[in-house]
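Numbering-wise (this note's numbering), the sequence shown opens with residue 14 and increments by one.
Report on the structure given below.
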Amino acid sequence: MDKELLAMLVCPLCKGKLRYHREAGELHCLYDGLAYPIRDDIPVMLPEEARPLSVDEKLRESPGRTGEA
Numbered sequence: 014m015d016k017e018l019l020a021m022l023v024c025p026l027c028k029g030k031l032r033y034h035r036e037a038g039e040l041h042c043l044y045d046g047l048a049y050p051i052r053d054d055i056p057v058m059l060p061e062e063a064r065p066l067s068v069d070e071k072l073r074e075s076p077g078r079t080g081e082a
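This is the structure in structure tokens:
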């Protein structure tokens with residue numbers, strides 16, 4: 014995924030920063046708890062296409078996280 018494009022993208026709901034997850038092929042918004050899919054190298058930025066993040070995913074990506082449990 015192009016780094017310049019990633020830098021410009023924001024969550025369509027809260028306008029917050031997104032985190033790119035190459036392995037999952039998704040962009041995550043921690044604030045709204047949504048994962049936006051990337052299909053054929055094109056981010057699908059529609060809330061109805063996003064999946065909810067699990068509690069484990071939210072905790073793993075949390076900015077205040079200090080280590081493994």
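Ideal Cβ placement from N, Cα and C applies to all residues, glycine included.
The model shown is predicted, which means the values in this text are computed figures rather than measured ones.
According to the neighbour-count rule (16 or more other Cβ atoms, all chains shown, within 10 Å of its Cβ), is residue i buried or exposed?
i   : result
A48 : buried
E74 : exposed
C84 : No information on residue 84 is available, as it lies outside the stretch 14 to 82 that the chain covers here.
L19 : exposed
L26 : exposed
A37 : exposed
A82 : Interpretation of A82 is limited by its pLDDT of 48, a score under 50 that renders its predicted location unreliable; the figure taken from the coordinates is listed afterwards. Under this definition A82 is an exposed residue.
Could you give the distance in angstroms between the alpha-carbon of residue i and the alpha-carbon of residue j?
i   : j   : result
R32 : C42 : 7 angstroms
E39 : I51 : 5 angstroms
D15 : S67 : 26 angstroms
K28 : P76 : 18 angstroms
K30 : V57 : 15 angstroms
For my contact list, residue i and residue j are in at a C-beta cut-off of 8 angstroms; report their separation, rounded to the angstrom.
i   : j   : result
G46 : P65 : 6 angstroms
Continuous alpha helix (DSSP H) assignments of at least 4 residues falling wholly in the stretch 15–44: Under the rule that a run must span 4 or more residues, the alpha helix (DSSP H) segments found entirely inside the stretch 15–44 read 16–21.
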